[in-house]
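Participant: My questions all concern the structure below.
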Amino acid sequence: MSDPKIVKLVDESSNRSSELPLISGTLGPACIDIGTLYKDTGHFTYDPGYGSTASTKSAITYIDGDQGVLLYRGYPIEQLAEKSSFLEVAYLLLNGELPKPTEFATFEHDITHHTMMHEAQKNFFQGFHHDAHPMAMLAAAVASLSAFYHDDLDVENPSDRKMAAIRLIAKMPTIAAACYRYSIGWPMRYPRNNLEYVTRFLHMMFEVPSEPLQMNPVAAKALDLLFILHADHEQNASTSTVRLVGSTGANPYASIAAGITALWGPAHGGANEAVLKQLEEIGTPDNVESAVLRAKDKNDSFRLMGFGHRVYKNFDPRAKIIREMCHKVLAELGVNDPLLEVAMKLEEAALKDDYFVERKLYPNVDFYSGIIYKALGIPTEMFTVMFAIARTAGWIAHWIEQHETPGSRIGRPRQIYTGADVRNYTSGDKR
Ligand code: CMC
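Written out as structure tokens, the structure reads:
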């Protein structure tokens, strides 16, 4: 009788076979461990886009895409969204457990006291073109942290790794706000230690030297919640990028900078900016029908931004929370944004359309988040930067986990070569 924990793969052409063990995690489907497949059969596997491939074991985040479940370290996202704070979630992602009050106080103190940018880094911004996209500035500025903090950093040393995590989570809002202020020609603001994480960020964004900033606490609460929802999402494109770069032994700032560039694409975190631009283009609820028709047209590359997800084939649980929050925040801030009506009409039209139903395309985390950012006064180009601030907690947690996992190897996928067969060089006059 065959062992149920083994999958046997036979190559009938060569009669070579491989017995591949099944590996189970705490939750989710078992995976076939193909580590010996090439040695046993001489074959690689082919899975472009990694639709059937687990690239690592991880204890940080779990998603059940069919049921619409998202857990950080076992805790349902709905509970964290209701009861926790972004900094507490960052601690949880990094350390695996919710902090005791004294642990949290130490963590918050450490973050608060590493928020300043190196003075020389401010000069770095002067080199950017005045209308540079903030994501371009963010990626470059975070990569430049490698130049400021590289010398004393040993990626094999746990306390150095922890310090890099603190620095990144602490400095990301400062750098993000600097990107914004540079783009509008405002002087940069120093972080104020008497404020908590999100409020401090909003001050660095919006405070002007000439008058005190009147801050509605609803704004800070809403942004904190958005940061919780964006903090991690297992092996998505940017996290996988961070891990791939990290697998080479590269320092954490360079690894996270690579994650930022991956996040920027409109299929990933850049979708929140694209959603708002698309809603503005659609303009009024009357135009929704034609937008849906365009999205279904195979001869048109137009897609409904903020719809669909590689893993969620049901409602994205984050989208459910954000949708509800969107109505509440707009009401509490007294904002009447006609784009919310367009978004609701678009969601309603797509959810009853066969094309979207058959393909299980639901609104994702980016669909309503832009409307909230807009209500908070955050400009559209900064939306993906907001995502990056939050996701830094997840990226660095994964980078640390990777370094703590014994036997981690450099990531090195293979390919199916489809180029020319071997051929001889010909001199210029014979080509
Ligand atoms: N509008 C119209 N059709 C779509 C959409 C969409 N937004 N998304 C997927 N489809 C269709 C696609 O054309 C394909 O149809 P068919 O089977 O007839 O060829 C089918 O649905 C499957 O799509 P896919 O591109 O193979 O799916 P994927 O898992 O490779 O891509 C995705 C997932 C998120 C990149 C894609 O759904 C998409 O481009 N969505 C719009 C961008 C977006 O909102 N991205 C944010 C994702 S969530 C946040 C994050 O990751 O950062």
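Every number in the working numbering is 5 more than the matching position in the sequence shown, counting from 1. Note that the Cβ used here is the ideal one computed from N, Cα and C, for glycine as well.
1) Of all the options L249, K13, L150, W191, which has the alpha carbon lying nearest to the alpha carbon of E212?
2) Could you check where the alpha helix (DSSP H) with P214 kicks off and where it finishes?
3) Any chance you could list the alpha helix (DSSP H) runs of at least 4 consecutive residues sitting entirely within the region 57-129, in chain order?
4) Among H48, L207, A348, which residue has its Cα nearest to the Cα of N277?
5) How close, in whole Å, do the beta carbons of H273 and A279 come, if the pair is a contact with beta carbons under 8 Å?
6) Please classify M121: is it buried, with 16 or more other beta-carbons within 10 angstroms of its beta-carbon, or exposed?
7) Quick one: is the Cβ of N319 within less than 7 Å of any heavy atom of the ligand CMC?
8) At the level of alpha carbons, what is the spacing between V247 and P384?
9) Does any heavy atom of the ligand CMC sit closer than 7 Å to the C-beta of P271?
10) Tell me which same chain residues have a C-beta within less than 6 Å of the C-beta of L158, skipping the five on either side of it?
11) On the criterion of 16 or more Cβ atoms from any shown chain inside 10 Å, does G275 qualify as buried, or is it exposed?
12) First and last residue of the alpha helix (DSSP H) that includes K13?
13) Would you mind stating whether I189 and A86 have Cβ atoms separated by less than 8 Å?
14) Going by DSSP, which residues form a beta bridge with I37?
15) Which term fits R419, buried or exposed, when burial requires 16 or more other beta carbons within 10 angstroms of its beta carbon?
16) Let me check you understand the geometry: is the CB of R328 closer than 7 Å to at least one non-hydrogen atom of the ligand CMC?
17) Whole-angstrom Cβ separation of W400 and G264, contact assumed at under 8 Å?
18) Heavy atom of the ligand CMC less than 7 Å from the Cβ of A395, yes or no?
19) Between the region 386-403 and the region 55-72, can you find at least three pairs of beta-carbon atoms closer than 8 Å?
20) Is Y77 buried or exposed, if buried means 16 or more other CB atoms sit within 10 Å of its CB?
21) With a threshold of 16 other CB atoms inside 10 Å of the CB of H208, please say whether the residue is buried or exposed.
22) What is the residue span of the alpha helix (DSSP H) that F133 lies within?
23) Do W269 and M140 have their C-beta atoms within less than 8 Å of each other?
24) Quick check on the DSSP output: the alpha helix (DSSP H) that includes N199 runs from which residue to which?
25) Closer than 8 Å by C-beta to A182: which residues in its own chain qualify, once you throw out the five before and the five after it? Chain order, please.
26) Short of 6 Å in beta carbon distance, which residues of its chain neighbour R21, apart from the five on each side in sequence? Order them along the chain.
Facilitator: In short:
1) Sequence index remark: in the sequence shown, residue 212 carries index 207 (1-based). For the residues L249, K13, L150, W191, the minimum Cα distance to E212 belongs to W191.
2) Looking up residue 214 in the sequence shown gives position 209. Element bounds for P214: n/a, residue is neither H nor E.
3) 82-88, 91-100, 106-117
4) The residue labelled residue 277 in the question sits at position 272 within the sequence shown. Answer by Cα proximity: A348.
5) What you label residue 273 is simply residue 268 of the sequence shown in a count that begins at 1. What you label residue 279 is simply residue 274 of the sequence shown in a count that begins at 1. About 10 Å separates the two Cβ atoms, so there is no contact after all.
6) Here residue 121 is taken as the residue at index 116 of the sequence shown, counted from 1. Result: exposed.
7) Position 314 of the sequence shown holds residue 319. Checking every heavy atom of the ligand CMC against the Cβ of N319, none is found closer than 7 Å.
8) Position 242 of the sequence shown, counted from the first residue, corresponds to residue 247. Position 379 of the sequence shown, counted from the first residue, corresponds to residue 384. Roughly 27 Å between the two C-alpha positions.
9) The residue you call residue 271 lines up with position 266 of the sequence shown. It does: the Cβ of P271 is within 7 Å (strictly closer) of some heavy atom of the ligand CMC.
10) Residue mapping note: residue 158 aligns to position 153 of the sequence shown, counting from 1. Excluding sequence neighbours, L158 sits near D165, N256.
11) Counting from 1 along the sequence shown, the entry for residue 275 is found at position 270. Buried: at least 16 other Cβ atoms inside 10 Å.
12) In the sequence shown, residue 13 corresponds to position 8, counting from 1. Premise fails: K13 lies in the beta strand (DSSP E), 11-16, not in any alpha helix (DSSP H).
13) One-based indexing of the sequence shown puts residue 189 at position 184. One-based indexing of the sequence shown puts residue 86 at position 81. No, they are not a contact pair.
14) Position 32 of the sequence shown, counted from the start, is the residue given in the question as residue 37. According to DSSP, I37 bridges with L27.
15) Position 414 of the sequence shown holds residue 419. So R419 counts as exposed.
16) Here the question's residue 328 lines up with position 323 in the sequence shown. No - the ligand CMC has no heavy atom lying nearer than 7 Å to the Cβ of R328.
17) Taking the sequence shown and counting its residues from 1, one reaches residue 400 at position 395. Taking the sequence shown and counting its residues from 1, one reaches residue 264 at position 259. The Cβ separation is near 5 Å, so the contact holds.
18) Along the sequence shown, read from residue 1 onward, the residue named residue 395 stands at position 390. Incorrect: A395 has no Cβ contact closer than 7 Å to the ligand CMC.
19) yes
20) As a first step, residue 77 must be located in the sequence shown, where it is residue number 72. When all chains shown are included, Y77 counts as buried.
21) By 1-based counting over the sequence shown, the position of residue 208 is 203. Flag for H208 reads buried.
22) For this step, residue 133 is matched to residue 128 along the sequence shown. First-last for F133: undefined, no H or E at that position.
23) Within the sequence shown, the letter at position 264 stands for residue 269. Within the sequence shown, the letter at position 135 stands for residue 140. It is a contact, given that the beta carbons lie within the stated cut-off.
24) By 1-based counting over the sequence shown, the position of residue 199 is 194. Unbroken run through N199: none, as it is neither H nor E.
25) Numbered from 1 along the sequence shown, position 177 holds the residue referred to as residue 182. Contacts found: M193, R194, F206, M209, M210.
26) The residue given as residue 21 occupies position 16 in the sequence shown. Cβ within range, chain order: T46.
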